[in-house]
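**Q** The listed protein sequences correspond, in order, to chains A and B.
Start counting the first sequence at 1; every next residue gets the next number (the UniProt record's numbering).
Start counting the second sequence at 1; every next residue gets the next number (the UniProt record's numbering).
Positions of the beta carbon are idealized from the N, C-alpha and C atoms, including for glycine.
Predicted model, so just to flag it, every value in this text is computed and none were measured.
I have a structure I would like to understand better, so I am pasting it below and will then ask my questions one at a time.
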Amino acid sequence: MYFFRLWPETMKIYRINTILLHTWYHFLHSMETWVDLFWNSTLQILVYVFLARVFSHSSTIEFTRYLIVGAILWNAIWVAQYGICLGALWEIWAKSFSTMFISPLTLNEFLVGQMISGAIKSVLAVAMSAIIAYYLYGFSIFSLGWILIPAYLLLLIFGWGLGMLVLSLIFRFGTQVQSLSWSVVFLVQPLGGVFYPLSVLPEAMRWVGEIMPSSYIFISIREYLKDGRIAWTELGIGLVLSIAYFLIGYLVLTHSFRQAKITGAFARMEG
Amino acid sequence: MQKVLEVTSLLKRFGSFTAVDDISFSVAQGEIVGLLGPNGAGKTTTIQMLLGLTTSTSGTISYFGKEFTRHREEILSKINFASTYSHIQSRMTVRQSFRIYAGLYGMDASDRRMSELLHLLEVEDVADKLFWHLSSGQQTRVILAKALLNKPRLILMDEPTASLDPDIASKVRDLILTLQKKERVTLLITSHDMSEVEQLCDRVIFLQHGKIVAEDTPLGLTKRIGESKVTVTFDGSADPVSAYLERKAYKHHFPRIHVVVVEVAETDVPKVLFGLSNEGIWLTNIEIQKPNLEDVFLSVVAGNYENLSH
C-alpha cells in the first residue's frame, strides 16, 4: 500500500519556474553541459552521416535514412534521461541538494523542472543534429511529417522514465552508482531498435528490445519513411510502454526518495 | 511564551542502532537554544529530522503549533538552516543562487534583500562571484546570509562560526544576538565552541547516546558541576601544602613543582586559601577558575551526567 501512495503535495508553478531558471544559470557556467549537448551530439551525427554516405553506394536509400533518423532522434531519449539524473547529480556534487530540499521545494516540482529543461535541451540537440544531417546528407527531419511530434514526445517520455529509474538507484545506493546516469541509456541504442529492426538481434537478446518502447516507435518511423504508412499498432504499443516506463519510474523514484529519508541515505548522499 | 518548536518523543532507529532515543524538548519564541553533545550523540540526526531530510521512526515535530509532516511547505517557508557543511550551487554566482532561493521561497525583490544581507556580513563584494571561487570564510558568511533570506522565524544553525576568522566569528555572534533582540528570531544552534554557546544561548540541551542528559541555562548547568579549580603557586617545599590538603581531604594535584590545583566547591575557596596561608605557606599567585560549559561537556563525554540531570 505504502509503495503505491502518491505524493500528497501540490506543486507551485513559481517553484517549477525557479528550477528552470536554476538549470539556465547552471548551463551558463557549465562547460560540461555544453560539451555533452552540442559536442557529443555533433560528433555522433557526423559518424552516422558519413556512414550513410558510404552505404548509400551499396544499400537502399531507406537504410541510410534509418541510420540518420535514428541518430537524430536518439538525442530525445538520451538528453531526457541524462537531464533528470545530472540535474540531481550536479546538486549532490555541489553539496547543495539537501539545501534545496530544506526550502518548500518538493520532489515533484524538482522533477517537472528537470523534465521541462531536459525537453528544451533535447530540442536543441535534435535541432542541431537535424541541421547537420540536412546540410551534409540532404535529409530533412520534417520528411517524417506529423508523426515526428508523437514519436518525439514518446521518446521523451521513455527517456524521463529511464532517468527516474536511474535516479531512484542513486537515491538508494548513493553516488557510487552515478555512472549509470551516462551508461544505462546506451543499452537502448543497440537493443532498443533505434537503427534496425529487432529481428537483427540474436534470439536470446530480442526480449530486451521487445520491452523497450523505442523499438516500436522507431518501427513506426521507419514504416513511414519506407512507404508513408502509419503503423498505428506499433505506435500504440510504443505509447503504452512509454507511459508504463514513466509511471514505473515515478513510483520507484518516489518510493526510493521516501526510503532514502527513512534510512538516512538522503542526508548522507552529499558525503 | 509561544512555542516555536515542539519535539515530542522523537525516536530514530537505523536498524538495531538507536541514533535518537525518545527525546522531547521545546523552543520558545525569541530563545537561542544550544543543542550540544559529543560526536555521535545524535545532534546531526536530530537536526536532519527537524529539517525533514530524515524521517523519524516515531514521535512528532511541531512548528508554530502545526505538525511538520502535515504542513511541510508552510513550515519550511518560515524556517531556514545554515551549516558549514552544506553549500549552495558552486557553479552559480552568489547573486544567481540568491535569486533561486528567493524563487523557491516565493519572494520578490531578492536582489535588495541579498545586498542588505551581504553588506551585513561584510561580503558584499562577492555577489557576482562563483560560489566555488570564494574562501571558506566567505562561503560560510554567504550561507549565513542565505539562511536569513526568507526572514525566517526560526533558524537552525550547525556550527555557525566554524572556519571563520575570530573577528568575523565575533561579528556573526553579534549579528545573531542583534537578530534575536530586534526581530525576535528564534535559533537552535549546535556548536563545539563552548564559549560561543555560553555567550549566545539562553538554554542548552546536552545529548549523549541519543538521549537528553541535561537541559538548563548555561549558568544552571555549570552550577551543577559545583567545583571550582584553584591554581596556587607557592614558595618553598610542597610537603606542607600536600599535608594540609590531604588532612582536609581536598581533591588536588601538582602539575608543576611549585604549583597545586585544588578542586573545591565555590564556597570553600576562601577556606582553602586562608588554610594554606595559616600553615605559613607563602602564596605567590592565585588563579580561580569557575566551572564552565566545557567542564559540563567533558563531564557528559566522561559519562558523569547523573549530577547534571534534574
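CB-CB under 7 Å to Phe297(B), same chain, minus the five flanking residues each way: which ones, in chain order?
**A** Taken in chain order, the residues that qualify are Leu36 and Met194.
**Q** Please name the residue or residues paired with Ile3(B) in a DSSP beta bridge.
**A** It is worth fixing the name first, because residue 3(B) is Lys in this sequence and not Ile. Partner(s): Ala28(B).
**Q** Along chain A, which residues have their Cβ under 9 Å away from the Cβ of Gly103(B)?
**A** Result: Tyr14, Arg15, Asn17, Thr18, Ile19, Leu21 and His22.
**Q** I'd like the span of the alpha helix (DSSP H) that includes Met115(A), first residue to last.
**A** Looking at the DSSP string, the run of the alpha helix (DSSP H) that includes Met115(A) is Leu107 to Tyr137.
**Q** Below 8 Å on C-beta distance, what does Glu6(B) contact in chain A?
**A** Ordered by position in chain A, no residue passes the 8 Å Cβ test against Glu6(B), which lies about 19 Å from the chain.
**Q** Report yes or no: is there a C-beta of chain A within less than 9 Å of the C-beta of Lys146(B)?
**A** True, the Cβ-Cβ gap to chain A drops below 9 Å.
**Q** Check the C-beta distance from Asp158(B) over to Tyr85(B) and give it rounded, since I have them as a contact under 8 Å.
**A** Correct: roughly 7 Å between the Cβ atoms.
**Q** Look at Thr93(B) and Leu130(B) and say whether their C-beta atoms are less than 9 Å apart.
**A** Taking 9 Å as the Cβ cut-off, Thr93(B) and Leu130(B) qualify as a contacting pair.
**Q** With a cut-off of 8 Å, do at least 3 Cβ pairs link the region 45–57 of chain B to the region 7–22 of chain B?
**A** Yes, the region 45–57 of chain B touches the region 7–22 of chain B.
**Q** Can you tell me which residues form a DSSP beta bridge with Glu227(B)?
**A** In the DSSP output, where bridge partners are listed per residue, Glu227(B) has Ala265(B).
**Q** Find the nearest neighbour of Glu227(B) within the set Val126(B), Ala145(B), His71(B) and Gln289(B), judged by alpha-carbon distance.
**A** Cα-wise, what sits closest to Glu227(B) is Gln289(B).
**Q** Taking DSSP as the reference, what is the three-state secondary structure of Ile230(A)?
**A** Reduced to three states, the DSSP call for Ile230(A) is coil.
**Q** By Cβ distance below 6 Å, which residues in the same chain neighbour Ala151(A) in space, the five residues on each side in sequence not counted?
**A** Contacts found: Ile217 and Ile221.
**Q** Between which two residues does the alpha helix (DSSP H) holding Gly70(A) run?
**A** Element bounds for Gly70(A): Ile61 to Trp93.
**Q** What is the residue span of the beta strand (DSSP E) that Arg203(B) lies within?
**A** Unbroken beta strand (DSSP E) run through Arg203(B): Arg203 to Gln208.
**Q** Below 8 Å, can you find three or more Cβ-Cβ pairs linking the region 211–231 of chain B to the region 58–67 of chain B?
**A** Taking 8 Å as the limit for Cβ pairs, the verdict is that the region 58–67 of chain B does not touch the region 211–231 of chain B.
**Q** Where does Ser242(A) land, buried or exposed, given buried means 16+ other C-beta within 10 angstroms?
**A** Classification of Ser242(A): buried, given that the 10 Å Cβ count is 16 or more.
**Q** In terms of residues, what are the limits of the beta strand (DSSP E) holding Gly59(B)?
**A** Where Gly59(B) is concerned, the enclosing beta strand (DSSP E) stretches over Ser58 to Tyr63.
**Q** Under a three-way DSSP split, which group does Gln44(A) fall into?
**A** Note: Gln44(A) maps to helix in three-state DSSP.
**Q** Flag this pair as yes or no: are the beta carbons of Ala145(B) and Leu118(B) separated by less than 9 Å?
**A** Yes, they are a contact pair.
**Q** Give the interface partners of Thr263(A) over in chain B, defined as CB-CB distance under 8 Å, in chain order.
**A** Those are Phe14, listed as they occur along chain B.
**Q** Could you check the C-alpha separation between Glu6(B) and Ser26(B) for me, to the nearest Å?
**A** Straight-line Cα distance between these residues: approximately 4 Å.
**Q** Can you find a C-beta in chain A that's less than 9 Å from the C-beta of Met194(B)?
**A** No, no contact with chain A.
**Q** Nearest to Glu124(B) by alpha carbon, out of Asp108(B), His133(B), Arg141(B) and Trp132(B)?
**A** Checked all of Asp108(B), His133(B), Arg141(B) and Trp132(B); the closest Cα to Glu124(B) is Arg141(B).
**Q** Taking only beta-carbon positions, decide if Arg5(A) is within less than 9 Å of chain B.
**A** Confidence at Arg5(A) is low in this model, with a pLDDT of 48, below 50, so the placement of that residue should be treated as unreliable; the coordinate-derived value is given next. No, Arg5(A) does not count as interfacial toward chain B.
**Q** Which same chain residues, not among the five before or five after Gln81(A), have their C-beta less than 6 Å away from its C-beta?
**A** The residues are Gly159, Leu162, Gly163 and Val185.
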